[in-house]
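Trainee: Can you read through this structure? Questions will come right after.
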């Protein structure tokens, strides 16, 4: 992350999320910009760069999944969805559309700070050393550049979300290691007792759609039944 104060775009009904974030803005020095609708949010996103977008996908008149897709097509950014009373279908639809995490409210300020901090982290973005290609990971046709946060498979770029990239980077950095879902949650989002391990399954499914030649028969990210996932050790 760069030296500027983290900029957060908040998309809600004008009250819920902004009130929840107000104490964090004062404590951590985040710069926030509010938006009350999908069109306004996309316009503001196009006017200046943001480090994080926080949305209430259940706000009246807001189509959360549609907004996530529009933001994803507009440029790379971490997306955090906050909402009360969301059902499983709503959560999965929002994650499938590109949100990095869906958090059900209410939750403590400490927990929210932890989640926002994890999403704002960008390994290698600040103070990174080495030129292009430094630390690049290659497995078969896959090439992962941590500094550029870029992934190509067979020379074709894969447009990954923040969470998808972090999951792939963690597993590809230790090929053959078996990761439990809870371990992957902690690796990407930080320690927490409140996250649903199924979040990992949704992101892994979406990741496979983007990097696997045959998502139904994954070559790289494999399932270890009853445990979790691993990056295939012999994918070289």
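Residue numbers (the working numbering): 117 to 352. For every residue, glycine included, the Cβ atom is placed at its ideal position computed from N, Cα and C. Model, not experiment: these values are computed from the prediction.
#1: Contact check, residue 125 vs residue 153 under 8 Å by CB: the rounded distance?
#2: When DSSP builds the beta bridges, which residues end up paired with residue 270?
#3: Tell me whether residue 121 is buried or exposed, calling it buried when 16 or more other Cβ atoms sit within 10 Å of its Cβ.
#4: Tell me residue 198's beta-bridge partners as DSSP assigns them.
#5: Report the residue from 318, 194 and 198 whose alpha carbon sits nearest the alpha carbon of residue 135.
#6: Buried or exposed: where does residue 159 fall if 16 or more other Cβ atoms within 10 Å of its Cβ makes it buried?
#7: Which of helix, strand or coil does DSSP assign to residue 203?
#8: Bridge partners of residue 123, per DSSP?
#9: So is residue 314 buried or exposed if we call it buried at 16+ other beta carbons inside 10 Å?
#10: Please state whether DSSP places residue 332 in a helix, a strand or coil.
#11: Which residues share a DSSP beta bridge with residue 327?
#12: From residue 225 to residue 267, what distance separates their C-alpha atoms?
#13: I need the straight-line Cα distance from residue 347 to residue 333, nearest angstrom please.
#14: Which stretch, first to last residue, makes up the alpha helix (DSSP H) that contains residue 155?
Mentor: Looking at the coordinates:
#1: Residue 125 to residue 153, Cβ: 12 Å. No contact.
#2: Answer is none; residue 270 lacks a bridge partner.
#3: That one is exposed.
#4: Per DSSP, 219.
#5: 198 is the residue among 318, 194 and 198 whose C-alpha sits nearest the C-alpha of residue 135.
#6: With fewer than 16 Cβ atoms within 10 Å of its Cβ, residue 159 is classed as exposed.
#7: Coil.
#8: Answer by DSSP bridge pairing, in chain order: 147.
#9: By the neighbour-count rule (16 or more Cβ atoms within 10 Å), residue 314 is not buried but exposed.
#10: Three-state result, residue 332: coil.
#11: Answer by DSSP bridge pairing: none, since residue 327 is not bridged.
#12: Separation of residue 225 and residue 267 (C-alpha to C-alpha, rounded to the nearest whole angstrom) is 34 Å.
#13: Rounded to whole angstroms, the gap between the alpha carbons of residue 347 and residue 333 is 13 Å.
#14: That run of the alpha helix (DSSP H) goes 154-163.
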